[in-house]
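Student:
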Amino acid sequence: MTPEQLIEKLNQNPVDFNEVMQVIDTYYDFTPTRFVNGEQVNEENTNNGSCKLLAFGQMNQLSQQATLNAFGKFYTEEVLQDPQSDSHGNIRNFMKSGWQGVQFDNFPLTQK
């Protein structure tokens, strides 16, 4: 799947997180970096999946919903079906803060 095909799918439905990671890893080089997502501070080399996904969403100007769709079942099952939990802090913070809450110390993705 190409990034363009992935974006098209994300604009309509949730996509398996592993598929999203596969596309990102195929088409982009990743450099771990510290990033802030709402109230969640992620030190360099922690939560790299969320870091990649949020960077991909930001660089492709995805909507908040399309970006949440990229978390796949983590979003649709583990977060939406358990709203009182504190698991998946990056997803929950992005739901509250949206793109306004996302800041990278250094942008982590470059096209290959």
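In the working numbering, the protein residues as written are 1 to 112. Glycine residues also receive a C-beta, built at the ideal position from the N, C-alpha and C atoms. Note that the structure is a prediction, hence the values are computed from the model and not measured.
Would you list, in sequence order, the uninterrupted alpha helix (DSSP H) runs of no fewer than 4 residues that lie entirely inside the stretch 12-99?
Tutor: Listed in chain order, the complete alpha helix (DSSP H) runs (minimum 4 residues) inside the stretch 12-99 are 17-27, 48-59, 64-69, 89-97.
Student: Measure the beta-carbon distance from Q64 to G98 and round it to whole angstroms, keeping in mind my assumption that it falls under 8 Å.
Tutor: The Cβ separation is near 5 Å, so the contact holds.
Student: Quick one: is K52 buried, meaning 16 or more other Cβ sit within 10 Å of its Cβ, or exposed?
Tutor: Per the 10 Å Cβ criterion, buried.
Student: I'd like the span of the alpha helix (DSSP H) that includes P3, first residue to last.
Tutor: P3 -> alpha helix (DSSP H) spans 3-10.
Student: Per DSSP, F104 is paired with what?
Tutor: According to DSSP, which records beta bridges pairwise, F104 is partnered with F35.
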